[in-house]
Amino acid sequence: MVGRRGTAAADSNSSQSAEAPRARSAPEMGRVVVNRNDISQSAGSDLQITAPAGWTLSTIDCWPAQLHASHTTPSADTPDNPPNSAEQQFRITMGLRDLPTTGVQQGVLTVNFTTPDGPRILTVPLSFIWL
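The working numbering puts the first residue of the sequence shown at 25, with every later residue one more than the last.
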């Protein structure tokens, strides 16, 4: 079953329990292509973030600092976000302001949500590909 994980109890009367609502990223790991000769030719992969409908994306934090990201706000009337859906989707686009320090091979994108149960975060690892 996608999005759920069963847990077995110690006795034979075990039952499946749903995990807490969570956000997820597709792909699970992002990539940033760094062109060291022309920063304008550098690009990051787009990420599709799926989150429960009651969550609000508040901020996106990036590391290293030269990385930036923006997101589209979901609209309830698109095929990705049908009315009355239990989930919503955001598209995150990444780019570079400046060249990161030479040798940086990994980064991280932290997506911060406000939920009815308090703040939640989704951390997406990033790999840097140097050209």
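Note that CB positions come from ideal geometry on N, CA and C, so glycine has one too.
So Thr117 and Ala93 are in contact, right, with Cβ under 8 Å, and what is the actual spacing, rounded? The residue given as residue 117 occupies position 93 in the sequence shown. The residue given as residue 93 occupies position 69 in the sequence shown. Contact check for Thr117 and Ala93: beta-carbon distance about 7 Å, within the 8 Å limit, so the pair qualifies.
Straight-line gap, Arg28 to Arg46 (C-alpha atoms, nearest Å): For the purposes of this step, residue 28 is taken as the residue at position 4 of the sequence shown. For the purposes of this step, residue 46 is taken as the residue at position 22 of the sequence shown. Confidence is the limiting factor: at Arg28 the pLDDT is only 38, short of 50, which leaves the residue's position unreliable and the question unanswerable from this model.
Among Ala77, Ser66, Ile153, Leu150, which one has its Cα closest to the Cα of Gln113? Against the sequence shown, residue 113 aligns to sequence position 89. The shortest Cα separation from Gln113 among Ala77, Ser66, Ile153, Leu150 belongs to Ala77.
Rounded straight-line distance, which links the Cα of Thr126 to that of Val132: Taking the first residue of the sequence shown as position 1, residue 132 is located at position 108. Taking the first residue of the sequence shown as position 1, residue 126 is located at position 102. Answer to the nearest angstrom: the Cα atoms are 17 Å apart.
Candidates Leu71, Ser151, Gly119, of which the one nearest Gln130 by Cα: The residue given as residue 130 occupies position 106 in the sequence shown. For Gln130, the nearest C-alpha among the options comes from Ser151.
Ignore the nearest five residues each way along the sequence and tell me which others in Thr147's own chain have a CB closer than 7 Å to its CB. Position 123 of the sequence shown, counted from the first residue, corresponds to residue 147. Answer for Thr147: Val132, Thr134, listed in chain order.
By a C-beta neighbour count over all protein chains shown, 10 Å radius and 16 as the cutoff for buried, is Gly68 buried or exposed? Numbered from 1 along the sequence shown, position 44 holds the residue referred to as residue 68. Here Gly68 is buried. Its C-beta has 16 or more other C-beta atoms within 10 Å.
From what residue to what residue does the beta strand (DSSP E) around Glu111 run? By one-based count along the sequence shown, residue 111 stands at place 87. Here the beta strand (DSSP E) through Glu111 covers 111-120.
Is the separation between the beta-carbon of Phe137 and that of Thr96 shorter than 8 Å? Residue mapping note: residue 137 aligns to position 113 of the sequence shown, counting from 1. Residue mapping note: residue 96 aligns to position 72 of the sequence shown, counting from 1. Cβ atoms of Phe137 and Thr96: not closer than 8 Å.
Coil, strand or helix - Ser39 by DSSP: Position 15 of the sequence shown, counting from 1, holds the residue named residue 39. Reliability of the predicted coordinates at Ser39 is poor, the pLDDT of 47 falling under 50, and the value obtained from them is presented with this limitation in mind. Looking at Ser39 - three-state DSSP - the assignment turns out to be coil, as it is neither helix nor strand.
Beta carbon of Arg60, beta carbon of Ile153: below 8 Å? One-based indexing of the sequence shown puts residue 60 at position 36. One-based indexing of the sequence shown puts residue 153 at position 129. No, the Cβ-Cβ distance between Arg60 and Ile153 is not below 8 Å.
With a cut-off of 8 Å on the beta carbons, I'd call Leu155 and Leu120 a contact; round off their distance for me. To locate residue 155, count along the sequence shown from 1; it is residue 131. To locate residue 120, count along the sequence shown from 1; it is residue 96. Between Leu155 and Leu120 a beta carbon distance of about 12 Å is seen, past the 8 Å cut, so the two are scored as non-contacting.
Please classify Ser109 as buried or exposed, where buried requires at least 16 other C-beta atoms within 10 Å of its C-beta. Your numbering for residue 109 matches position 85 in the sequence shown. With fewer than 16 other Cβ atoms within 10 Å, it is exposed.
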